[in-house]
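>
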Amino acid sequence: MTEITEALKNIIRPENVVSQKSSVLTNETMHYCPGCSHGVIHKIIAEIIDEMGIQEDTIGVAPVGCSVFAYNYIDIDWQEAAHGRAPALGTAINRLNPEKIVFTYQGDGDLAAIGTAETLHAVNRGENMVMVFVNNGIYGMTGGQMAPTTMQGQVTATTPYGRNIDLHGYPLRITEMLAQLPGACYVTRQSVETPAAVRKTKKALRKAFENTKNKQGTSFVEVVSTCSSGWKMTPEASNNWMRDNMFPFYPLGVLKDGEKVKPEDLPNVGK
Amino acid sequence: MKGNEVIAEAAIRCGCDGYFGYPITPQSEVMETLMNSRPWETTGMVVLQAESETASINMLYGGAGSGKKVMTSSSSPGISLMTEGLSYLAGAELPCLILNVQRGGPGLGTIQPSQADYFQCVKGGGHGDYKLIVLAPSSVQEMHDFVELGFELAFKYRNPALILSDGAIGQMMEKVNLAPQKPRWTDEEIQEISGSWATTGKSKDRKQNIVTSLELDSEQMEQNNLKFQAKYKEIQENEVRYEEIDCEDADYIFVAFGSSARICQKSMQIARDKGYKVGLLRPITLFPFPTKQIAALADKVKGFLTVELNAGQMVEDVRLAVNGKKPVEHFGRMGGIIPSPSEVVTALEQKVIGG
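For the protein sequence lines, the chains are H and S, in the order given. Under my numbering, the first residue of the first sequence is numbered 1, with each subsequent residue one higher. Under my numbering, the first residue of the second sequence is numbered 272, with each subsequent residue one higher.
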């Protein structure tokens, strides 16, 4: 035992640390279930705010659902939105405080069901903000009911025999829809199921925050995620299920990377 | 100027930071006038046409949560869509200003004036125990004056304030004395006024500000509600506004607000010519309601008639105030019909004097 302690002393040294808790994360213990992606995504966002030195200038808009307490974990000013309305809050916060960096954090029920209109119109107006979309294909906090992004055949509390398209409609690829909108400058779909994926997602989110700092329009980052409790699987099985079933339908990668459409590129009947 | 136009002018002049709205008759001139005036070029005021009333009230939440002076305007069906947001604004204790230029309902109804949103706007409307500060203008001048007053009360109590107008006053043209232009608050002033609670950006020397209405701990949520109720009590004690006309010698009292109060002024003349001593109590604030003033009148007069453009809503508050001491009756027309002054006098004779 003493030998191990001695060996650890040699390993745990400041020069050997590759990752540590960002000072932008609070000391609150997160309430998320084992295997849940929210904790990792929070950590990445806190790191980016820290690295960019924008803690004093960033205002977050928290969602409903499992991540409703995001404001307890990331140490910045936050507003808590009603279900689906985060993009409307973000619109006003940014329009009235154009020098601040605004981001919304939303799940699939919040962003792609009850808040579809607010989401679509905020992106279409090209509101200068980051929108983080955590898609785990289910309503986590509400008790595992069907989301717009629930896969065909997926069992949930409200689709006990599996989602039936004739009965419940099609799974919604909202990110593909939003990528078509002229106000979006950057639309990407990522995941956080492996260390490599976490690094890629962090890079994508960093780009989204940089775009916002540079007033480029809407940057939209979907993170395909797991919900071990809602899916009733172990964290490992959830990751495997996500890879096997969700990635083919929600393929990872960049959907749009450029600039929002310039007014001069559209017909202008006033001229 | 037109009542709706004057709202826009007053908003710019009182240093409003942002207007977020959605067109609906009979109040669309508010946003139209704002857009025409291009205040973003003069005062820096943001004017944005939202995709819906739901979005515009939530834009108010975002703006108010940042400590800014923000407002919206709508009419009855639009206010219904906004009630979700109103409940959240009240729960998060955010100051903002809402104008409701009422039209006939329920449903899509008519575009003619009505006062049928009294319950909705004065009693809450959205979920939970909350109150809005409700101001009822009866002239175009008051439409102007209540913009600044509404913001003042909203910030004083950290509570949404609502101007409850109707299609008659919104579309009416009258002379108005306009207030001088005031500057918008500077960032430093906002820090001073709202920095302790608003999302102005977390500085190193303060804790994060979180604007929320969520509290999962029931004990704490009850404490929050008790705090709200104490605030509403304070508003009730300090902010009652009303007008009394010819009440000193009156045997009978009309109680009416907004455009129906204007009709009652003419009705009073007709009634007095007929030999009935009639006075008018016009509540200017509907919450807080002039309960004490009405109770005091109940000791001296023979009866009350409320005149409202609805099926009888404010009459309940008058009856509570009178507390059974004297008869309280209601007369109203619905669906956008405005009663004539003589119709009101006939109602007084039939329901109160002869009753």
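No residue lacks a Cβ here, since even glycine has one placed at the ideal position from N, Cα and C.
Whose C-beta lies closer than 6 Å to the C-beta of residue 347 of chain S among residues of the same chain, with five residues either side of it excluded?
So the qualifying residues of the chain are 373, 374, 376, 388.
> Applying a beta-carbon distance threshold of less than 8 Å, which residues of chain S neighbour residue 71 of chain H?
Ordered by position in chain S, the residues that pass the 8 Å Cβ test against residue 71 of chain H are 479, 481, 483.
> Under 8 Å Cβ to Cβ from residue 273 of chain S, same chain only, skipping five residues before and after it: list those, please.
Excluding positions up to five away in sequence, the list reads 300, 411, 441, 442, 443, 444.
> Kindly provide the ranges of any alpha helix (DSSP H) runs that are 4 or more residues long and lie completely inside the region 337-415 of chain S, ordered along the chain.
With a minimum length of 4 residues, the continuous alpha helix (DSSP H) runs that stay inside the region 337-415 of chain S are 347-362, 389-393.
> For a contact meaning CB atoms closer than 9 Å, what does residue 359 of chain S contact in chain H?
Going along chain H in sequence order, the residues near residue 359 of chain S (Cβ under 9 Å) are 80, 81, 82, 85.
> State yes or no: is the beta carbon of residue 330 of chain S nearer than 8 Å to at least one beta carbon in chain H?
Closer than 8 Å to some Cβ of chain H, the Cβ of residue 330 of chain S qualifies, so yes.
> Can you find the residues in the same chain that come closer than 6 Å, C-beta to C-beta, to residue 596 of chain S, ignoring five residues on each side of it along the sequence?
Excluding positions up to five away in sequence, the list reads 569.
> To the nearest angstrom, how far is it from the Cα of residue 421 of chain S to the Cα of residue 127 of chain H?
So the alpha carbons of these two residues sit roughly 29 Å apart.
> State whether the region 231-241 of chain H contacts the region 200-220 of chain H, with contact taken as three or more CB pairs (one from each stretch) at a distance under 8 Å.
Short answer: they don't touch.
> May I ask you to report which of helix, strand or coil DSSP gives residue 599 of chain S?
Here residue 599 of chain S sits in strand by DSSP.
> Relative to the C-alpha of residue 378 of chain S, which candidate in S:364, S:352, S:402, S:368 has its C-alpha closest?
The shortest C-alpha separation from residue 378 of chain S is found at S:352.
> Does DSSP classify residue 319 of chain S as helix, strand or coil?
Residue state, collapsed to three classes: strand.
> So that I know if they touch, is there some Cβ in chain H lying closer than 8 Å to that of residue 314 of chain S?
False, the Cβ-Cβ gap to chain H never drops below 8 Å.
> On the DSSP bridge list, what partners appear for residue 476 of chain S?
Answer is none; residue 476 of chain S lacks a bridge partner.
> Nearest to residue 469 of chain S by alpha carbon, out of S:304, S:404, S:335?
With distances taken between Cα atoms, residue 469 of chain S lies closest to S:335.
> Are there any heavy atoms of the ligand FAD lying less than 7 Å away from the beta-carbon of residue 545 of chain S, as far as the coordinates show?
Absent from the structure shown: the ligand FAD. Ligands present: none.
> If I measure Cβ to Cβ from residue 172 of chain H and keep anything under 7 Å in the same chain, skipping five residues before and after, which residues do I get?
Excluding positions up to five away in sequence, the list reads 112, 148, 149.
> Beta carbon of residue 343 of chain S, beta carbon of residue 358 of chain S: below 8 Å?
Result no, Cβ atoms of residue 343 of chain S and residue 358 of chain S do not sit closer than 8 Å.
> Run down chain S in chain order and give the residues with a C-beta less than 9 Å from the C-beta of residue 121 of chain H.
Correct list: 321, 322, 323, 326.
> Apart from the five residues on each side of it in sequence, which residues of its chain come closer than 8 Å, Cβ to Cβ, to residue 360 of chain S?
328, 331, 332, 335, 367, 431.
> Confirm, please, whether the CB-CB distance from residue 107 of chain H to residue 134 of chain H is below 8 Å.
Result yes, Cβ atoms of residue 134 of chain H and residue 107 of chain H sit closer than 8 Å.
> Taking buried to mean at least 16 other C-beta atoms within 10 Å of its own C-beta, is residue 409 of chain S buried or exposed?
By the neighbour-count rule (16 or more Cβ atoms within 10 Å), residue 409 of chain S is buried.
> Let me know the secondary structure DSSP gives residue 554 of chain S once reduced to three states.
Looking at residue 554 of chain S - three-state DSSP - the assignment turns out to be strand.
> Short of 7 Å Cβ to Cβ, which residues in the region 86-105 of chain H face chain S?
Those residues of the region 86-105 of chain H that come within reach of chain S (Cβ to Cβ, closer than 7 Å) are 88, 89, 90, 91, 92, 93, 95, 96, 97, 100.
> With DSSP run on the structure shown, which of helix, strand or coil describes residue 62 of chain H?
The answer is strand: DSSP assigns residue 62 of chain H an E or B state.
> By the criterion of Cβ-Cβ separation under 8 Å, what are the contact partners of residue 56 of chain H in chain S?
Here the neighbours are 472, 473, 474, 475.
> Specify the secondary structure class of residue 249 of chain H as computed by DSSP and reduced to three states.
Residue 249 of chain H falls in the helix class under three-state DSSP.
> Tell me which same chain residues have a C-beta within less than 7 Å of the C-beta of residue 560 of chain S, skipping the five on either side of it?
So the qualifying residues of the chain are 554, 588.
> Between the region 335-350 of chain S and chain H, which residues of the former have CB atoms less than 8 Å from a CB of the latter, in chain order?
From the region 335-350 of chain S, only 336, 337, 339, 341 have a Cβ closer than 8 Å to chain H.
> With a 10 Å radius around its C-beta and 16 neighbouring C-beta atoms as the bar for buried, classify residue 254 of chain H as buried or exposed.
Burial call: exposed.
> Say whether chain S places a C-beta atom closer than 8 Å to the C-beta of residue 174 of chain H.
Residue 174 of chain H does not count as touching chain S.
> How should residue 452 of chain S be labelled, buried or exposed, when 16 other C-beta atoms within 10 angstroms of its C-beta is the threshold for buried?
Flag for residue 452 of chain S reads exposed.
> For residue 317 of chain S, go through chain H and note every residue whose CB falls closer than 9 Å to its CB, in chain order.
Near residue 317 of chain S (Cβ distances below 9 Å), the residues of chain H are 92, 95, 96.
> Nearest to residue 141 of chain H by CA position, among H:244, H:2, H:267, H:227, is which residue?
Measuring from the Cα of residue 141 of chain H, the nearest candidate turns out to be H:227.
> Could you tell me how far apart the beta carbons of residue 521 of chain S and residue 550 of chain S are, in whole angstroms, since I believe they sit closer than 8 Å?
Residue 521 of chain S to residue 550 of chain S, Cβ: 3 Å. Contact.
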